[in-house]
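In case it helps, the UniProt record's numbering puts the sequence shown at residues 1 to 123. Each residue gets a CB set at the ideal place from its N, CA and C atoms; glycine is no exception. Nothing here was measured: the structure is a model prediction, and the numbers come from that model.
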Amino acid sequence: MSIGKKVLVIDDDELVLKTLGALLKKQGYDYRLADQGEVALQYAKEIEFDIIFADIRMPKMNGVDAINFIQEQRKKDNKKDLPVIFITGYAEDSIHLKAEKFGEIIQKPFDLDRLMITMREYL
Ligand SMILES: [Mg+2]
């Protein structure tokens, strides 16, 4: 069920935000789009999300650091970790090893249907 599920999307690529935003809207999800880690941290403070999509490479705070911060904050608040799906344009990257500790990694360009199926497995 998509109704009422809250999704946070973090990506510095405006096209990814637009594409995922349109899809999530169409499918009835409640979602927020963050174009940088700092914005995502603020949203995560205000809203109890059900899942997060995060880009790995971003100009300021990278996606892994942003997720690490969010999950640490949740731990302090006695909340369980949120499911995370990373999306990345880089096939092999040392930062992936760190990302794998927090969630699944999906490569760009991604198939939208597959992405939604993967997401629903976590909800
Ligand atoms: Mg990026």
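How long is the line joining the alpha carbons of A34 and K5, rounded to whole angstroms?
-> Between A34 and K5, the C-alpha separation is close to 17 Å.
Opposing strand residues paired with T88 [DSSP bridges] | Per DSSP, Q107.
Grouping DSSP H, G and I as helix and E and B as strand, with all else coil, what is R32?
-> Strand, per DSSP.
Using only alpha-carbon positions, find the residue among D113, I105, F110 and P109 that is nearest to I52.
-> When each option's Cα is compared against that of I52, the closest is I105.
Is I105 near ligand 1, with its Cβ less than 8 Å from a heavy atom?
-> No.
Check whether the Cβ of M58 sits closer than 8 Å to any heavy atom of ligand 1, and report yes or no.
-> At a cut-off of 8 Å, the beta-carbon of M58 counts as near ligand 1: some heavy atom of the ligand is closer than that.
Enclosing beta strand (DSSP E) for I70 [first to last residue] = Here I70 belongs to no beta strand (DSSP E); instead the alpha helix (DSSP H) covers G63 to K76.
If I95 sits next to N62, beta carbons under 8 Å apart, how far is it from one beta carbon to the other, in whole angstroms?
-> Contact between I95 and N62 holds: their C-beta atoms lie close to 7 Å from each other, under 8 Å.
Straight-line Cα distance separating L15 from K101 = Going by C-alpha positions, K101 is about 27 Å away from L15.
Looking at the unbroken alpha helix (DSSP H) that takes in I95, where does it start and where does it end?
-> Here the alpha helix (DSSP H) through I95 covers S94 to A99.
Helix, strand or coil for D55, going by three-state DSSP, please let me know.
-> In the three-state scheme derived from DSSP, where H, G and I count as helix and E and B as strand, D55 is classed as strand.
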